[in-house]
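Q: Numbering (our numbering), first residue to last: 454 to 838. The beta carbon of each residue, even a glycine, is placed where N, CA and C say it ideally should be. Keep in mind the model is a prediction, meaning the values are calculated, not measured.
1) Within the same chain, show all residues whose beta-carbon is closer than 6 Å to that of residue 817, passing over the 5 residues directly before and after it, in chain order.
2) Using a 10 Å radius around the Cβ and a threshold of 16 neighbouring Cβ atoms, would you call residue 680 buried or exposed?
3) Spatial neighbours of residue 513 within its chain, please: CB distance less than 7 Å, with the 5 preceding and 5 following residues excluded, ordered by chain position.
4) Closest by CA to residue 686, which one among 826, 601, 457, 767?
5) Hey, could you find the ends of the alpha helix (DSSP H) residue 706 is sitting in?
6) Could you check which residue in 613, 684, 695 has the C-alpha nearest to that of residue 584?
7) With a Cβ-Cβ cutoff of 8 Å, do residue 665 and residue 591 count as a contact?
8) What ranges does the beta strand (DSSP E) occupy inside the stretch 493 to 524, keeping only unbroken runs of at least 3 residues that lie completely in it?
9) Could you tell me the alpha carbon to alpha carbon distance between residue 647 and residue 716, rounded to whole angstroms?
10) Using 10 angstroms around the beta-carbon of residue 463, count the other beta-carbons present and answer buried if the total reaches 16, otherwise exposed.
11) Do you know how far the Cα of residue 533 is from the Cα of residue 572?
12) Leaving aside the five residues before and after residue 696 along the sequence, list all residues of the same chain whose C-beta is less than 7 Å from its C-beta, in chain order.
13) Helix or strand or just coil, what does DSSP make of residue 775?
14) Suppose you measure from the CA of residue 705 to the CA of residue 693; what does that come to, to the nearest Å?
15) According to the neighbour-count rule (16 or more other Cβ atoms, all chains shown, within 10 Å of its Cβ), is residue 833 buried or exposed?
16) Going by DSSP, name the residue or residues bridged to residue 758.
17) Would you tell me roughly how many angstroms separate the C-alpha atoms of residue 559 and residue 500, rounded to the nearest one?
18) Would you list the one or two residues that DSSP bridges to residue 600?
19) Just verifying my parser: in three-state terms, what is the DSSP assignment at residue 400?
20) How many whole angstroms separate the CB atoms of residue 491 and residue 808, which I take to be in contact at a CB cut-off of 8 Å?
21) Counting only runs that start and end within the stretch 540 to 604, where is the alpha helix (DSSP H) found for 4 or more residues in a row?
22) Terminal residues of the continuous beta strand (DSSP E) containing residue 717?
23) I'd like to know whether the C-beta atoms of residue 488 and residue 824 end up nearer to each other than 8 Å.
24) State the Cα-Cα distance for the pair residue 747 and residue 542, rounded to the nearest angstrom.
25) Using the three-state DSSP reduction, which class does residue 795 fall into: helix, strand or coil?
26) Let me confirm a value: residue 668 is counted as buried when at least 16 other C-beta atoms fall within 10 Å, else exposed. Which label applies?
27) Shortest alpha-carbon distance to residue 566 belongs to which of 538, 608, 797, 764?
28) Please name the residue, chosen from 691, 607, 699, that lies closest to residue 473 on a Cα-to-Cα basis.
29) By Cβ distance below 8 Å, which residues in the same chain neighbour residue 783 in space, the five residues on each side in sequence not counted?
30) Taking only the alpha-carbon atoms, compute the straight-line gap between residue 540 and residue 775 and give it to the nearest angstrom.
31) Output needed for residue 607: all residues of its chain with C-beta closer than 8 Å, excluding positions within five of it in sequence on either side, in chain order.
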């Protein structure tokens with residue numbers, strides 16, 4: 454039964470929960486973490502760890518996508534970001550970071566908008582896709598619902614393996630000035646699997662599943678200090694509730710179709726390995742991670758993070774957040790950032806779960822007695838008073 458509360462005369466609202474509001478309750482035998490599998494498969498593509506990157510230029514360069522693939526996850530390139538617009542991305546990012554550190558975030562967001570106002574150059578994006586493909590890892594690119602029909606043919610020709618259609622809020626049919634994007638028709642005509650999102654409620658998740666999407670993204674990459682969708686639009690559903698609702702839609706769709714399984718991918722409020730474990734426990738199959746990976750030495754943002762929505766030309770919904778690794782400085786006085794392998798697999802000297810994300814998730818599952826991701830979705834949960 455839904456927990457409804459009255460917020461005024463004749464107006465009720467549902468009580469919902471953040472990941473911080475819940476805890477995992479071990480109720481079975483424990484097991485060795487070495488016996489836990491984190492393998493995850495989306496359509497024909499198998500991954501050793503259930504991690505995707507949030508598609509932001511702060512994280513995903515072609516080189517980062519390659520390294521993420523080699524570590525067992527999936528790097529998602531922003532098909533409308535800097536790598537699709539500028540040949541000298543590293544110099545542009547350096548300029549952005551210098552401005553953020555010197556003149557503040559407002560000026561940096563304005564520069565981010567200016568950089569994204571440059572026209573998209575399909576040849577540059579094709580070259581980025583080709584670089585990742587040549588490394589032998591799975592290639593995924595994100596496009597917005599508004600530009601999906603325009604950009605997808607060139608991406609298919611470039612050789613992508615997975616297409617991510619992602620906006621802050623998405624529906625099964627996007628109505629714009631031109632021909633509306635009907636995702637069901639759009640996906641049916643493609644030869645590659647599509648992941649679509651973000652959603653935050655049962656009904657929209659079920660609608661997206663009915664379009665033929667292989668995965669549905671829940672959330673919009675929310676993170677305090679970086680994502681401002683709540684402040685700008687007043688929109689938001691706490692992640693624990695949003696994931697659980699999408700998982701319920703997955704069960705309903707599974708029954709409706711007689712066995713077609715659509716993956717639920719959590720994208721928001723994940724800052725530590727404990728948050729990852731809670732997201733899976735609420736029903737997610739995988740997580741789209743942003744801020745926790747920004748400290749990696751391979752991340753082009755060099756310790757700075759901003760979500761893809763920060764560059765919107767008229768209504769930006771994100772700012773630049775500095776997430777430098779605090780564990781020591783190098784000879785130049787600059788913070789020493791761990792490589793991606795250490796962020797994912799350790800070793801860790803941080804007691805708060807920002808390093809060794811894979812190890813933390815694996816140990817949480819082992820402590821609760823579960824051996825794989827699907828089993829772990831059945832673990833008991835408690836709500837903090």
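A: By the coordinates alone:
1) 730
2) buried
3) 506, 528, 529, 530, 531
4) 767
5) 692 to 710
6) 613
7) no
8) 493 to 495, 498 to 500, 504 to 506
9) 11 Å
10) exposed
11) 10 Å
12) 671, 717, 719, 732, 735, 736, 737
13) It is a strand residue.
14) 19 Å
15) Exposed, by the Cβ-count rule.
16) Residue 758 is bridged to 774.
17) 38 Å
18) In DSSP, residue 600 forms no bridge with anything.
19) Lying outside 454 to 838, the shown extent of the chain, residue 400 is not represented and no answer is given.
20) That belief does not hold up - the Cβ atoms of residue 491 and residue 808 are roughly 17 Å apart, past 8 Å.
21) Counting whole runs of 4 or more residues, the stretch 540 to 604 contains the alpha helix (DSSP H) stretches 542 to 556, 558 to 569, 575 to 587.
22) 716 to 721
23) yes
24) 17 Å
25) helix
26) buried
27) That would be 764, whose Cα lies nearest to the Cα of residue 566.
28) 691
29) Annotation note: pLDDT 49 at residue 783 (below 50); position unreliable, coordinate value reported separately. Excluding positions up to five away in sequence, the list reads 789.
30) 25 Å
31) Annotation for residue 607: 575, 578, 579 place their beta carbon closer than 8 Å to its own, counting only its chain and skipping 5 residues before and after.
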